[in-house]
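Visitor: Sharing a structure with you now.
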Amino acid sequence: MMRTSWNLAPEPYDSPVAVALWRAYYTEVSDRWYLLHEGHATDPAELERGIAKGVQEQLAPPRGQLIVGRHDGEPAGTAGVRLTDADPGVAELTRVFVREELRGKGGAPLLVAAAEDAARALGARVLRLDTRSDLVEARALYARLGYEETAAHNDDIYAEHWFSKRLVP
């Protein structure tokens, strides 16, 4: 049996690796939404607009961090954190993504744990996130990792479920 490994490390949000993973992430979540609600994949122009207006630049120090996971040396996934403007003790977990062919190999929990560590290093006491109803795998992951569903903490038009986790006692 071949042994595989994950390596996680901070990555500049605008590196070629990060940009390629952003594109894969956004294509998947956008296509899932459009197929569910409108019966077609994302229009390429809409996809480019969505990628351009993302939160990527907010995932840079000193108020954020992007983590990239590599599986057997190949870029495989991301997780990002950013401090909120309203309360610097609260950070948002965002852009948790693992390439489809590598799901089920333990990368997502490792990425979330690394993001939690990054949030603590930024001074966050609480990590929160939002997600959509159709992203059932994500909701199950967050529940398994100790995130509790909460009342809405933002008015994002795509957010349908909100979660929170205390990072420090």
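Note that the sequence shown ends on residue 1432 in the working numbering; no numbers are left out. C-beta atoms are modelled at their ideal positions from N, C-alpha and C, and glycine is treated no differently. Every value quoted in this text rests on a predicted model; they were computed, and no experiment measured them.
(1) Per DSSP, what kind of secondary structure is SER1293 in: helix, strand or coil?
(2) Give the list of continuous beta strand (DSSP E) stretches no shorter than 3 residues that lie fully inside the region 1348–1402.
(3) Once the 5 residues before and after GLY1386 are set aside, which same chain residues still bring their CB inside 8 Å of it?
(4) Check whether the Cβ atoms of VAL1344 and GLY1327 sit closer than 8 Å, and answer yes or no.
(5) Going straight from the alpha carbon of ARG1286 to that of PRO1325, what length do you get?
(6) Would you call the region 1416–1430 and the region 1388–1398 touching, i.e. three or more CB-CB distances under 8 Å?
(7) Below 8 Å between beta carbons: does that hold for GLY1433 and GLY1367?
(8) Please name the residue or residues paired with ASN1270 in a DSSP beta bridge.
(9) In angstroms with no decimal places, state the Cα-to-Cα distance between VAL1280 and PRO1432.
(10) Can you tell me the Cα-Cα spacing of TRP1296 and LEU1322, whole angstroms?
(11) Measuring alpha carbon to alpha carbon, tell me which residue in PRO1338, VAL1292, LEU1365 is nearest THR1305.
(12) Between the alpha carbons of VAL1399 and TYR1405, how many angstroms are there, rounded?
(13) Buried or exposed for HIS1300, please, with buried defined as at least 16 other CB atoms from any protein chain shown within 10 angstroms of its CB.
Guide: On the basis of the coordinates in this document:
(1) Looking at SER1293 - three-state DSSP - the assignment turns out to be helix.
(2) Runs of beta strand (DSSP E) with 3 or more residues, each lying fully within the region 1348–1402, are found at 1353–1361, 1389–1394, listed in chain order.
(3) Excluding residues within five positions, the ones whose Cβ falls inside 8 Å are LEU1346, PRO1351, GLY1352.
(4) GLY1327 is positioned such that its CB atom lies closer than 8 Å to that of VAL1344.
(5) Between ARG1286 and PRO1325, the C-alpha separation is close to 24 Å.
(6) Yes, since at least three Cβ pairs between the region 1416–1430 and the region 1388–1398 fall closer than 8 Å, the two stretches touch.
(7) Residue 1433 cannot be examined here, being either before or after the span of the chain that is shown, 1264 to 1432.
(8) Bridge partners of ASN1270: ARG1333.
(9) Rounded to the nearest whole angstrom, the C-alpha separation of VAL1280 and PRO1432 is 35 Å.
(10) Rounded to the nearest angstrom, the two C-alpha atoms are 24 Å apart.
(11) It is VAL1292.
(12) Straight-line Cα distance between these residues: approximately 10 Å.
(13) HIS1300 comes out exposed.
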